[in-house]
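Contents: one structure, followed by commentary.
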Amino acid sequence: MAIATTTKKAVDILIVGAGVLGVSIAYWLTSLYDCKILLVDGESGVALHASKRNTGVIHRPYYLDPVTKKTFALSAGRSYPLWHDLAIRYRLPWRPSGTLEVANRREDIAVLERHMRWGRDNGIGDDDLELLDSTSVKSLEPEVNCAAALHSKTDVSVDFCMFTECVYGLALEKGLSFMGGLNLSSLAADADGMRVSFSGGGGLAGLKCGLLINAAGGGALEIAHLAGLAREYAALNFRGEYWVVDEPFASKVGRNVYVLPRHPQYPFLDPHFVVRWDGLRQIGPNAVMVAGPYVYRGLGFRSLNRFVYPPAWPKLRLLADPEFVSLVTGEWRSSLSKAAMCERVRMFIPGLNSKSLNSRGVAGVRSSLIGVEGFVPEAILVQDRSSVHVLNYNSPGATGAPAYSAGLVAKLREDGVLDGFRRKPYRPESMVWDFASAAGLA
10 MAIATTTKKA
20 VDILIVGAGV
30 LGVSIAYWLT
40 SLYDCKILLV
50 DGESGVALHA
60 SKRNTGVIHR
70 PYYLDPVTKK
80 TFALSAGRSY
90 PLWHDLAIRY
100 RLPWRPSGTL
110 EVANRREDIA
120 VLERHMRWGR
130 DNGIGDDDLE
140 LLDSTSVKSL
150 EPEVNCAAAL
160 HSKTDVSVDF
170 CMFTECVYGL
180 ALEKGLSFMG
190 GLNLSSLAAD
200 ADGMRVSFSG
210 GGGLAGLKCG
220 LLINAAGGGA
230 LEIAHLAGLA
240 REYAALNFRG
250 EYWVVDEPFA
260 SKVGRNVYVL
270 PRHPQYPFLD
280 PHFVVRWDGL
290 RQIGPNAVMV
300 AGPYVYRGLG
310 FRSLNRFVYP
320 PAWPKLRLLA
330 DPEFVSLVTG
340 EWRSSLSKAA
350 MCERVRMFIP
360 GLNSKSLNSR
370 GVAGVRSSLI
380 GVEGFVPEAI
390 LVQDRSSVHV
400 LNYNSPGATG
410 APAYSAGLVA
420 KLREDGVLDG
430 FRRKPYRPES
440 MVWDFASAAG
450 LA
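Count along the sequence shown from 1, add 9, and you get the number used in my numbering.
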């Protein structure tokens with residue numbers, strides 16, 4: 010029998026967003042608390058947006074400033090063994106690939122040296138990270154041409170969609186409920202929680218929850234605004250597009266190859282060469298500005314209302330920056346032309362020919378938070394008495410999701426936000442991951 014669209018219910022904790030972050034939060038909460046926990050998403054299943062539309066590379070945090078990006082760096086470092094344990098236990102794809110971060114110019118070698126120091130500060134061992142001269146790079150990857158490179162030997166390629174589905178299954182076993190096809194449309198706080206309304210075809214018009222956790226990725230800021238929070242921030246959306254590299258050239262390069270970004274003050278990368286978990290090779294991405302977080306093709310005219318969604322002044326201030334405008338405008342060239350994309354990669358892999366690029370890879374969208382100082386460098390957390398909102402959770406967010414979500418739960422516990430919910434007895438042997446070590450408590 011179909012569920013009436015006027016159905017209402019009550020839950021203790023509502024998690025909005027069924028990507029890798031929302032699912033990881035759900036896993037920890039269902040492992041640690043004996044209460045009604047509901048995960049909702051606008052899609053019918055889990056991991057159907059950014060958690061699926063990514064390169065699938067688990068990066069070691071050598072390129073993350075341990076000061077300005079401390080949370081992401083710590084989360085990535087702690088999550089690496091957690092993902093590895095999950096892959097071994099459930100036979101998930103785990104392809105050791107390694108990554109070369111290359112400098113095309115000799116004057117950029119200083120940046121590689123700085124990244125080497127960051128890697129050590131972020132806990133990467135000397136055996137896992139090595140600075141190579143051009144001759145040493147050629148001995149590893151004959152097709153790569155550069156002045157020098159930083160070799161991250163233990164980067165791996167995985168399928169984050171499979172990983173998310175696995176963690177989701179574990180959370181279901183521990184009591185999680187899930188409802189898809191629900192788009193949050195309004196929020197109203199009351200004396201003992203939050204009243205939430207939905208639109209969409211999921212069969213649930215609204216509910217009452219004791220705590221709302223917003224992990225909605227590209228849609229998170231809009232939800233925070235509904236709660237009256239983070240109104241000083243706006244978001245811009247950038248689509249990254251890839252081309253598949255065909256044989257016989259594809260297998261000539263065995264590692265991921267990233268070039269140092271030309272504009273490190275902006276939160277996107279120059280095109281790189283990626284080896285996926287199944288052996289598929291791709292080049293990309295660009296950074297095409299689009300009107301919404303789910304605009305995977307075209308311009309997204311139907312989402313233009315999101316582009317003008319208030320506040321407008323952070324966007325207008327950024328769009329008045331000539332360097333930014335020039336960069337964004339130029340990105341369209343490598344979106345429309347595979348030859349243009351190939352030309353950018355040929356700067357460090359000169360043997361690549363556009364004739365090897367005959368099909369497009371999967372595109373993804375990065376939603377970047379901007380405020381009075383410009384782009385926000387890391388994920389931020391905003392909250393009130395009955396809601397918690399994770400904003401700007403971008404790359405390497407999938408890499409760090411297990412530890413970041415554990416740290417979030419630990420913070421909510423420390424702040425007393427979870428005091429009203431009954432705890433389960435803590436039995437580490439019943440958990441795939443150890444909470445204390447993942448959260449940095451051990």
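Just so you know, even glycine gets a beta-carbon here, dropped at the ideal spot from N, CA and C. No experiment lies behind these values; they were computed from the predicted model shown.
* **Coarse secondary structure for Asp117, derived from DSSP in three states** => For this step, residue 117 is matched to residue 108 along the sequence shown. DSSP places Asp117 in helix when its eight states are reduced to three.
* To do: Return the CA-CA distance between Leu73 and Leu30, expressed in angstroms with no decimal places.
  => In the sequence shown, the residue the question calls residue 73 occupies position 64. In the sequence shown, the residue the question calls residue 30 occupies position 21. The straight-line gap from Cα to Cα measures roughly 19 Å.
* Is Pro9 buried or exposed, if buried means 16 or more other CB atoms sit within 10 Å of its CB? -> Here the chain has residues from 10 to 451 only, and residue 9 is not among them.
* Asked: Between the stretch 289-301 and the stretch 175-195, do three or more beta carbon pairs fall short of 8 Å?
  -> no
* **For Ser84, the first and last residue of its enclosing alpha helix (DSSP H)** => Along the sequence shown, read from residue 1 onward, the residue named residue 84 stands at position 75. Run containing Ser84: 79-99, per the alpha helix (DSSP H) assignment.
* To do: Have a look at His398 and Tyr177 and give me their C-alpha separation to the nearest angstrom.
  => For this step, residue 398 is matched to residue 389 along the sequence shown. For this step, residue 177 is matched to residue 168 along the sequence shown. Cα-Cα distance, rounded: 20 Å.
* For Asp393 versus Ala236, is the C-beta spacing smaller than 8 Å? -> Mapped onto the sequence shown, residue 393 falls at position 384. Mapped onto the sequence shown, residue 236 falls at position 227. A contact, by the Cβ cut-off of 8 Å.
* How far does the beta strand (DSSP E) with Val254 in it reach, from first residue to last? -> The residue you call residue 254 lines up with position 245 of the sequence shown. Counting along the chain, the beta strand (DSSP E) containing Val254 begins and ends at 252-254.
* Asked: What's the C-alpha gap between Gly409 and Ala415?
  -> Numbered from 1 along the sequence shown, position 400 holds the residue referred to as residue 409. Numbered from 1 along the sequence shown, position 406 holds the residue referred to as residue 415. Between Gly409 and Ala415, the C-alpha separation is close to 10 Å.
* Round the Cβ separation of Ile358 and Val266 to the nearest angstrom and send it over; I've been treating them as touching at under 8 Å. => Mapped onto the sequence shown, residue 358 falls at position 349. Mapped onto the sequence shown, residue 266 falls at position 257. Yes, Ile358 and Val266 are in contact; Cβ-Cβ is about 7 Å, under 8 Å.
* To do: Please go through the same chain and pick out, in chain order, the residues whose beta-carbon is closer than 6 Å to the beta-carbon of Asn223, but skip the five residues on each side of it.
  => Mapped onto the sequence shown, residue 223 falls at position 214. These residues qualify, in order along the chain: Val25, Ala229, Ile232, His398.
* **Residue environment, Val32, which counts as buried when at least 16 other CB atoms sit within 10 Å** => The residue given as residue 32 occupies position 23 in the sequence shown. The residue is buried, with at least 16 neighbouring Cβ atoms inside 10 Å.
* Asked: Thinking just about the alpha-carbon of each residue, which of Met203, Ser260, Pro102 is nearest to the one in Glu152?
  -> Within the sequence shown, residue 152 is the residue found at index 143, counting from 1. Comparing Cα positions, the closest option is Ser260.
* Asked: Since Thr163 contacts Asp137 with CB under 8 Å, what's their CB separation in whole angstroms?
  -> Within the sequence shown, numbered from 1, the residue matching residue 163 stands at position 154. Within the sequence shown, numbered from 1, the residue matching residue 137 stands at position 128. Their Cβ separation, rounded to whole angstroms, is 5 Å, which keeps Thr163 and Asp137 in contact under 8 Å.
* Is Ser395 closer than 8 Å to Leu216 when the C-beta atoms are compared? -> As a working note, residue 216 is residue 207 in the sequence shown. As a working note, residue 395 is residue 386 in the sequence shown. It is not a contact, given that the beta carbons lie outside the stated cut-off.
* Counterpart residues of Cys170 in DSSP-defined beta bridges -> The residue given as residue 170 occupies position 161 in the sequence shown. According to DSSP, Cys170 bridges with nothing at all.
* To do: Output the distance between the C-alpha atoms of Arg431 and Lys45, rounded to the nearest integer angstrom.
  => The count along the sequence shown starts at 1 and reaches residue 431 at position 422. The count along the sequence shown starts at 1 and reaches residue 45 at position 36. Each residue's alpha carbon lies about 10 Å from the other.
* To do: Look at Gly370 and Trp252 and say whether their C-beta atoms are less than 8 Å apart.
  => Position 361 of the sequence shown holds residue 370. Position 243 of the sequence shown holds residue 252. Result yes, Cβ atoms of Gly370 and Trp252 sit closer than 8 Å.
* In the DSSP assignment, what are the bridge partners of Asn246? -> Position 237 of the sequence shown holds residue 246. Answer is Val299, Ser376.
* Under 8 Å, do Phe247 and Gly360 count as touching if we go by C-beta distance? -> By 1-based counting over the sequence shown, the position of residue 247 is 238. By 1-based counting over the sequence shown, the position of residue 360 is 351. No, Cβ-Cβ distance for Phe247 and Gly360 is not below 8 Å.
* **Beta-carbon spacing of Ala27, Val66 below 8 Å** => Within the sequence shown, numbered from 1, the residue matching residue 27 stands at position 18. Within the sequence shown, numbered from 1, the residue matching residue 66 stands at position 57. Result no, Cβ atoms of Ala27 and Val66 do not sit closer than 8 Å.
* If you follow the alpha helix (DSSP H) that His234 is part of, which residue opens it and which one closes it? -> The count along the sequence shown starts at 1 and reaches residue 234 at position 225. Where His234 is concerned, the enclosing alpha helix (DSSP H) stretches over 229-235.
* Would you decide whether Gly51 is buried or exposed? Buried here means 16 or more other CB atoms lie within 10 Å of its CB. => Walking along the sequence shown from the start, residue 51 turns up at place 42. Counting Cβ neighbours within 10 Å, Gly51 comes out buried, since at least 16 surround it.
* **Min CB distance Arg353 to chain C below 8 Å** => Among the chains of the structure shown, chain C does not appear; only one protein chain is present.
* Is it the case that the CB of Asp164 approaches a heavy atom of the ligand FMN more closely than 7 Å? -> Here there are no bound small molecules, and the ligand FMN is not part of this structure.
* Cβ-Cβ separation, Pro273 to Asp279 (assumed contact under 8 Å), whole Å -> By 1-based counting over the sequence shown, the position of residue 279 is 270. By 1-based counting over the sequence shown, the position of residue 273 is 264. Actually they do not touch by this definition, with Cβ atoms about 10 Å apart.
* Is the stretch 115-132 touching the stretch 431-445 in the sense that three or more CB pairs, one from each, lie closer than 8 Å? -> no
* To do: Identify whether His58 lies in helix, strand or coil by the three-state DSSP scheme.
  => Counting from one through the sequence shown, the residue named residue 58 turns up at place 49. Note: His58 maps to coil in three-state DSSP.
* Whose C-alpha, out of Glu387, Met188, Leu417, is nearest the C-alpha of Asn403? -> If you number the sequence shown from 1, residue 403 lands on position 394. Minimum Cα distance to Asn403 is reached at Glu387.
* How long is the line joining the alpha carbons of Leu121 and Ser145, rounded to whole angstroms? -> Here residue 121 refers to the residue found at position 112 when the sequence shown is read from its first residue. Here residue 145 refers to the residue found at position 136 when the sequence shown is read from its first residue. If you take the alpha carbons of Leu121 and Ser145, they lie about 15 Å apart.
* To do: Could you pull out every unbroken alpha helix (DSSP H) segment of at least 4 residues lying fully inside the stretch 321-384, listed in chain order?
  => 322-328, 331-345, 347-354
* Between the CA atoms of Gly210 and Glu250 - distance to the nearest angstrom -> Start at 1 with the first residue of the sequence shown, and residue 250 comes out as number 241. Start at 1 with the first residue of the sequence shown, and residue 210 comes out as number 201. Taking the straight line from one Cα to the other gives about 30 Å.
* Can you give me the Cβ contacts of Leu238 inside the same chain, cut-off strictly under 7 Å, excluding the 5 residues immediately before and after it? => On the sequence shown, residue 238 is found 229 positions in, with the first residue counted as 1. The residues are Val391, Asp393, His398.
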